[in-house]
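Chains as they are written, first to last, in the numbering used here: chain A, 1 to 321; chain B, 322 to 642.
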């Protein structure tokens, strides 16, 4: 199979051995695979793939068709449309994953959207609901709301009746974020004036933490899932105690199978019905063929886009399906 | 009634009007009242009493007998032994509090122990179990374990089958903390070598946070309920994300009645049976008559004691009970 391949910071499309599905695993012919910030970090050598994932093939999410079943795999039939998060290896033509790590693709979701859905909606759902227990009527602040996780979070919050303040640095992206259901879209500077907030989804990191705490409502929660702006934070513990606040930090990628599977079951139960009803969608900034991965990565790191950059793979018939 | 009275940093025993129990309230003739760190902060002017509490009478916990009932108060009968946390006003001869803010005193607990029980055991139970969800088999680190909350936490953790590493600065107090059920009692320096820890009870504050995060197990929780060592902390968010860790900061004192009452109901259910069976106890460093409050405060701030300093009040017959 062909796969996007990292080597010392460069990107190429190389041949790799076809994977074979093991016990409980499913072989998927990949149609679409979204790009994520972790891929860019991995390319730079900062974020190696976890054990069990290929060290040189990026891709934390993908969608495709089941083409082979390993022993005891029984959740999906050959030909079914599935999507998943993975520790890596999604930006390829084939991947073998445990069937508990797969979700069905709703009929209303096309391949490009399905390829860009699992990582950001699972991350956003896990952060907002499983971690922070965001409830209806609560006031959410999303930092960096024009990105993949941000646009997912804005839509999920709107769907459950929370009010969302969204910070978006690029002026051109603000109308798009508002159309996804944000109550108020603002520049990042001075966001605290629009508080207090019950939940803060922190995708920028260190530089925001002190102001996040100041803007927190009593009992508020800050969920840190990105540190693009830096990892070092200054924290006033007395201020956090006064708010009875919590700082929760999380990543999906490093979790063991059972925790990832539990997060996906929550997405199946609570998020996929919103896709089926058309209430939410995956904003797609652009799609690129697998061969043009270099251009896709370039686009991904360019500011001002709204939503996902997705690679489209065309299985080349080497699979035994 | 007489009460410990703060005025510009000085302590005196002054006369105050007897309180009258309002709707749902109970008048308690106080027998014993523990000292806490918050009293010392309040004396220095750093921690004013919350609204609804007397501004000049300290005392966050007390035990005594019910001597009068306000309208609709029905939970306790006159003469019953009760104890409670309060926003202040506990270091006095009388206090009127809502009946939902009271707990019964188990027969096995004497007045001195009952007066020093509510604040520290409610704080420790809330922090370890309601906030951090400490479970059997988990590894707990208690910083400053020789103090009131620390000795309560060590005993509660032992009672549910957690293993506890306790840091105690004063060498003379270490054997006592070990006898309360700590698995390992160490000096504070280099505590991280004894990790990883699933839960850290942070009573020292800022200077410990970076090392707390480093010593955290995957999914670990740091509960900050004291900042005696300073409030400013440096936090590496990437390290916290890697641990999928949480920092939870909390205070009991500022909580509204319904939240305090809920915390007390949890203590009634989970902690008072352990006192009834004799499994846990309130270590008492010393008791002082109310008149000797100055000496009690002096003792409280002297390092090297183990357990609570408690004021003993003798109702002087001015109440209508």
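Positions of the beta carbon are idealized from the N, C-alpha and C atoms, including for glycine. Keep in mind it's a predicted model, so treat the numbers as computed, not measured.
- Per DSSP, reduced to three states, the secondary structure at residue 529 of chain B is helical.
- Cβ neighbours of residue 271 of chain A within its own chain (closer than 6 Å, five residues either side excluded): 121 and 125.
- Identification of chain B residues near residue 149 of chain A by a Cβ-Cβ cut-off of 7 Å yields none; the smallest Cβ-Cβ distance measures about 14 Å.
- Not a single C-beta of chain B is nearer than 8 Å to the C-beta of residue 130 of chain A.
- In chain A, no part has a C-beta under 8 Å from the C-beta of residue 378 of chain B; the shortest such distance is about 22 Å.
- Judged by DSSP in its simplified three-state form, residue 341 of chain B adopts coil rather than helix or strand.
- Classified as buried, residue 35 of chain A has 16 or more neighbouring CB atoms from the shown chains inside 10 Å of its CB.
- Taking the beta carbon of residue 246 of chain A as reference, the chain B residues within 8 Å of it are 567, 568, 569 and 570, listed in sequence order.
- Legend: CB atoms of the region 210 to 228 of chain A lying less than 7 Å from CB atoms of chain B belong to residues 224 and 227.
- For residue 581 of chain B, the closest C-alpha among the options B:617, B:335 and B:424 is that of B:424.
- In the structure shown, residue 126 of chain A adopts helical secondary structure according to DSSP, grouped into three states.
- With fewer than 16 other beta carbons inside 10 angstroms of its own, residue 399 of chain B counts as exposed.
- Put simply, the backbone Cα of residue 551 of chain B is about 5 Å away from that of residue 527 of chain B.
- Spatial neighbours of residue 615 of chain B in its own chain (CB-CB distance under 6 Å, excluding positions within 5 residues in sequence) are listed in chain order as 332.
- Fewer than three Cβ pairs drawn from the region 382 to 398 of chain B and the region 497 to 510 of chain B lie within less than 8 Å of each other, which leaves the two stretches out of contact.
- Any Cβ of chain B closer than 8 Å to the Cβ of residue 241 of chain A would place that residue at the interface, and such an atom is present.
- Setting aside the 5 residues that flank it on each side, residue 296 of chain A is surrounded in the same chain by 35, 288, 309 and 311, each with a C-beta closer than 7 Å to its C-beta; the list follows chain order.
- Close to residue 473 of chain B, with beta-carbon spacing below 7 Å, lies no residue of chain A; the smallest spacing is near 18 Å.
- For residue 119 of chain A, the secondary structure class from DSSP, reduced to helix, strand or coil, is helix.
- Residue 557 of chain B is bridged by DSSP to A:232.
- For residue 469 of chain B, the enclosing alpha helix (DSSP H) stretches over residues 469 to 480.
- Look at residue 574 of chain B here: in three-state DSSP terms it is coil, with no helix or strand label.
- Ranked by Cα distance from residue 484 of chain B, the options B:492, B:426 and B:460 are led by B:460.
- If you look at residue 518 of chain B, you'll find it isn't in any alpha helix (DSSP H); it sits in the beta strand (DSSP E) that goes 518 to 523.
- The beta carbon of residue 557 of chain B sits closer than 8 Å to some beta carbon of chain A.
- In the displayed model, residue 273 of chain A falls within a helix according to three-state DSSP.
- Between residue 455 of chain B and residue 536 of chain B, the alpha-carbon positions lie close to 16 Å from each other.
- By the criterion of a C-beta distance shorter than 7 Å, residue 480 of chain B is surrounded in its chain by 595, 600 and 601, once the five residues flanking it on both sides are discounted.
- Per the C-alpha coordinates, the member of A:246, A:4, A:300 and A:290 positioned closest to residue 132 of chain A is A:246.
- DSSP, reduced to helix, strand and coil, places residue 404 of chain B within a strand of the structure shown.
- About 16 Å separates the CB atoms of residue 167 of chain A and residue 152 of chain A; that is not less than 8 Å, and the two are not in contact.
- Close partners of residue 205 of chain A in chain B (Cβ separation under 9 Å): 558 and 559.
- If you draw a straight line from the Cα of residue 16 of chain A to the Cα of residue 89 of chain A, it comes to about 11 Å.
- Within chain A, the residues placing a beta-carbon under 7 Å from that of residue 554 of chain B are 235 and 237, ordered along the chain.
- Rounded to the nearest whole angstrom, the CA to CA distance from residue 3 of chain A to residue 584 of chain B is 55 Å.
- Counting only unbroken stretches of 3 or more residues, the beta strand (DSSP E) elements lying wholly within the region 597 to 623 of chain B are 605 to 610, in sequence order.
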